[in-house]
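Anchor point for the sequence shown: position 18 equals 24 in the numbering used here, and the numbering is continuous, going up by one each time.
Every residue gets a Cβ at the ideal spot worked out from N, C-alpha and C, and that includes glycine.
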Amino acid sequence: MSAQDSNYGEKEARAGLEAPLPPLETFPNQYSNYEIKIEIPEYTSVCPKTGLPDFGKITIWYVPNKSCLELKSLKMYILGYRNLGIFYENAVNRILEDVVAACQPKKARVVGEFNPRGGISSVIEASYPREEEIKKT
């Protein structure tokens, strides 16, 4: 079955990718060579196709460079997804891109573990640098 057959088109595929969200703020990092793991157990968004709510846990792991994510701004940023129509895959990749843009970490990883819907659960993972970027170096 193609995207055409299921009525999933470019509109649904791109849903939420360019929606405005609260900004991620940072503060100057004071140390080097350590890891930060942030768990967000109450992530919510909306399926752009059905309009039904999606629930899950987002874990952000990164090695800071010159700045760290400020947690209150991260909370507000994540709350911005609450009524946003966006696919799981897009949400995880957008969160990664926004985290990287905000704090420019040495490396980062975002994992989304989404609650079952229709008997199917999904785990989406995205890393920075991307595999293709690693192969170029």
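- Between the alpha carbons of tyrosine 14 and proline 135 lies a gap of roughly 30 Å.
- Exclusion of the five residues before and after valine 98 leaves Val116, Gly118, Ile130, Ala132 as the residues of its chain whose Cβ lies within less than 6 Å of its Cβ.
- Positions of the beta strand (DSSP E) runs, each at least 3 residues long and wholly inside the stretch 41-112, are given as 42-52, 59-69, 73-75 in order along the chain.
- The stretch 60-67 makes no contact with the stretch 22-32; the number of CB pairs closer than 8 Å stays below 3.
- Going by DSSP, glutamate 131 is part of the beta strand (DSSP E) stretching over 126-134.
- Three or more beta-carbon pairs separated by less than 8 Å are not found between the stretch 38-45 and the stretch 85-92, which leaves the two stretches without contact.
- Per DSSP, the unbroken beta strand (DSSP E) holding proline 34 starts and ends at 32-34.
- The beta carbons of serine 73 and proline 34 sit about 6 Å from each other, so the pair counts as a contact at 8 Å.
- Taking C-beta separations shorter than 7 Å and ignoring five residues to either side along the sequence, the partners of alanine 25 in its chain run Leu90, following chain order.
- Between cysteine 53 and arginine 123, the C-beta gap is smaller than 9 Å, which places the two residues in contact.
- Alanine 107 sits exposed, since fewer than 16 C-beta atoms from the chains shown fall within 10 Å of its C-beta.
- Under the DSSP assignment, glutamate 18 falls in the alpha helix (DSSP H) whose first and last residues are 16-20.
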